[in-house]
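Using my numbering, the first residue of the sequence shown is number -12, and each one after it goes up by one. From the three backbone atoms N, C-alpha and C, an ideal C-beta is built for every residue, glycine too. Because the structure is a prediction, the values reported are computed rather than measured. What follows is a set of notes on a single structure, which appears directly below.
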Amino acid sequence: MPSVIRLLFLVLSLVLTALIVWAIRTGDFFGAGDFLFKQPWGLVTIFDLYFGFIIVAVVIGWTERKWLPSVFWITPLFVLGNVWAGVWLILRGGKLYTALTRGQTKAPKDA
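See the structure below:
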């Protein structure tokens, strides 16, 4: 995976981590959760978030191939969220990039 993409995921993961720390220190976690679960768009947001985690979990499972690394990377995903997905992409995304670009000399016609 190109270094600039890794750097981008690192910066975004750090920004998200800082936002989480800020929200924990200044916000009402349970109050916000209560609000989210009572609002239709809050439920859509939560569903969308966890649907995205499932998509990332499938990509991780396909990329890792062995069950132990897959479990290591997938299990925390549903608690640590996109920060964990960002860490996986920074550390293991090269494996995914190689698998996706293997044998390609140019972009597929249907891309």
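Query: Classification of residue -10 by the beta-carbon crowding that lies within 10 angstroms, buried from 16 upward; Result: exposed
Query: Segment limits, alpha helix (DSSP H) that includes residue 27; Result: 27 to 51
Query: Residue 26 to residue 20 span [Cα, whole Å]; Result: 10 Å
Query: Cβ neighbour criterion (16 or more within 10 Å) applied to residue 80; Result: buried
Query: Inter-residue spacing [alpha-carbon to alpha-carbon] between residue 29 and residue 71; Result: 22 Å
Query: Rounded C-alpha distance that separates residue 57 from residue 46; Result: 10 Å
Query: Residue from -6, 7, -8 with nearest C-alpha to residue 68; Result: 7
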